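Student: Pasting a structure below so you can have a look.
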Amino acid sequence: MSMRVASVTTAVFFLVLEVAWCEVEPRFDAPGDAAELAKRVADLRAAYAPFLRSLPPKLPAKNRVSLNGQWRFAFEVKDPPRDTKAVPPAPPWYTVDFDDSPWETTTVPEWRYRTRGHDNA
Numbered sequence: 879m880s881m882r883v884a885s886v887t888t889a890v891f892f893l894v895l896e897v898a899w900c901e902v903e904p905r906f907d908a909p910g911d912a913a914e915l916a917k918r919v920a921d922l923r924a925a926y927a928p929f930l931r932s933l934p935p936k937l938p939a940k941n942r943v944s945l946n947g948q949w950r951f952a953f954e955v956k957d958p959p960r961d962t963k964a965v966p967p968a969p970p971w972y973t974v975d976f977d978d979s980p981w982e983t984t985t986v987p988e989w990r991y992r993t994r995g996h997d998n999a
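Okay, here's the thing in structure tokens:
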């Protein structure tokens, strides 16, 4: 029995050795020039044409507005009272005529670095 195992092991070893040393063609060759690249891209587009036709139409690009710059901020409650029932109401900062002149100024982005020394930093 051990002779049979040894012969099978030897056969498997030589089979693995032969597979490892044989010349294997690469699966992908990089295109040699622009014409070959263009042909490959055209072939890919032809192959994927049904999929590409099934896609929804492209949406127009969204307008983006940068929010970077000077901003004002304030904490609604800097030192909250221990009694949760006595929390003061938030100031009406959402109204048009609200005076934000006592608020601190900061730059956006990275405003959080300006809040060191407050409880939430």
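Residue numbers for the sequence shown follow my numbering, so the first one is 879 and each next one is one higher.
Each residue gets a CB set at the ideal place from its N, CA and C atoms; glycine is no exception.
These numbers come from a predicted model, not from an experiment.
(1) Report the start-end ranges of each beta strand (DSSP E) in the segment 921-957 that is 3 residues or longer and not cut off at the edges.
(2) Does the Cβ-Cβ distance between W949 and T973 come in under 8 Å?
(3) Express the C-alpha separation of L915 and F906 in angstroms, rounding to a whole number.
(4) Once DSSP output is grouped into helix, strand and coil, what is the label at V919?
(5) By alpha-carbon positions, which one of P969, T887, L945 and A908 ends up nearest to A952?
Tutor: Put simply:
(1) 947-951
(2) no
(3) 13 Å
(4) helix
(5) P969
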